[in-house]
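As structure tokens, the structure follows; a few thoughts come after it.
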Amino acid sequence: MNDQVEIIQSIQDRYSEQGKVSIYHTLDVTAVSILVSELTGKSVSKIFNNEIFTKMGASDSLYWWEDKNGVTIGMAGAYMTTRDWAKFGQFIIDNINQKTCMGEFYLSGIKNALPTLQRDYQDYGYYFWVQNVSNSTFESKPMIAFSGKFGHAMILDHYSNSVVLVTSASKNSKYGRKHIRRDITPGMIKEASKIQ
794 MNDQVEIIQS IQDRYSEQGK VSIYHTLDVT AVSILVSELT GKSVSKIFNN
844 EIFTKMGASD SLYWWEDKNG VTIGMAGAYM TTRDWAKFGQ FIIDNINQKT
894 CMGEFYLSGI KNALPTLQRD YQDYGYYFWV QNVSNSTFES KPMIAFSGKF
944 GHAMILDHYS NSVVLVTSAS KNSKYGRKHI RRDITPGMIK EASKIQ
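Its first residue numbered 794, the sequence shown is counted upward by one per residue in this note's numbering.
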């Protein structure tokens, strides 16, 4: 049996009522990765590569961690160049603006995002964070926010068709006294909207 499956099956407690609050845990994403692999016979990384990465105009290659059984580690380990991460963000924005099935999925995730116990400045949508951000033309609208280790952050402003991406190596997700995800990337969205 898959080690990831055993870990997930060992959890017996329910930590919140469905649809009330999101208690983010990386095992949720891992469980979906296992389910997709079992239903399709393909890893999430292979599906992502074939259905998204190759269609978004990627300039380099994708590497995504897998366990010893070939199941994608859904919670971490997706590596792309900074340019390709930005292209992925633009791919999502394009799908939102074109009202594709994927775009509708993201809009629904924004609309139905739940408050979390982990971050007081972000809610959690369908496997992505949602953050209220202001730009130069409006005050506080919900936007998709991706985050990774050490302050890596990307915010997608689908209202103004812009992507802000920060690549960082900060141990505490801060630059000086400012938090990269909470303070810096939203400020960059506001500045980017002035350029357009």
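We put the beta carbon where it would ideally sit given N, CA and C, even for glycine.
Put Lys924 into one of helix, strand or coil per three-state DSSP.
In the sequence shown, the residue the question calls residue 924 occupies position 131. First, the residue type needs correcting, since residue 924 is Gln and not Lys in the sequence shown. In this structure, Gln924 counts as strand in the three-state DSSP scheme.
Do you know offhand how far Arg876's Cα is from Ser940's?
Working through the sequence shown from its first residue, we reach residue 876 at position 83. Working through the sequence shown from its first residue, we reach residue 940 at position 147. Near 16 Å, if we compare the C-alpha coordinates of Ser940 and Arg876.
Run of the alpha helix (DSSP H) containing Ser901, from where it starts to where it stops
By 1-based counting over the sequence shown, the position of residue 901 is 108. Ser901 -> alpha helix (DSSP H) spans Cys894 to Lys904.
To the nearest angstrom, how far is the alpha carbon of Ser963 from that of Phe943?
Taking the first residue of the sequence shown as position 1, residue 963 is located at position 170. Taking the first residue of the sequence shown as position 1, residue 943 is located at position 150. Spanning the two alpha carbons is a distance of roughly 5 Å.
Is it buried or exposed for Met794, if we count other Cβ within 10 angstroms and need 16 for buried?
Position 1 of the sequence shown, counted from the first residue, corresponds to residue 794. Bear in mind that the predicted position of Met794 carries a pLDDT of just 48, short of 50, making it too unreliable to give a figure here.
My output table needs one value for Ala962: the three-state DSSP class, helix, strand or coil.
For this step, residue 962 is matched to residue 169 along the sequence shown. Note: Ala962 maps to coil in three-state DSSP.
For the candidate residues Lys967, Trp858, Leu907 and Val822, whose alpha-carbon lies nearest to that of Val814?
Numbered from 1 along the sequence shown, position 21 holds the residue referred to as residue 814. Of the listed residues, the one whose Cα sits closest to Val814 is Leu907.
How big is the Cα-Cα spacing for Tyr817 and Lys904?
As a position in the sequence shown, residue 817 is number 24, starting the count at 1. As a position in the sequence shown, residue 904 is number 111, starting the count at 1. Each residue's Cα considered, the two are about 18 Å apart.
Classify Phe939 as helix, strand or coil using the three-state DSSP reduction.
Numbered from 1 along the sequence shown, position 146 holds the residue referred to as residue 939. Phe939: strand per DSSP, three-state reduction.
Hey, could you find the ends of the beta strand (DSSP E) Asp950 is sitting in?
Against the sequence shown, residue 950 aligns to sequence position 157. From DSSP, the beta strand (DSSP E) with Asp950 extends over Ala946 to Asp950.
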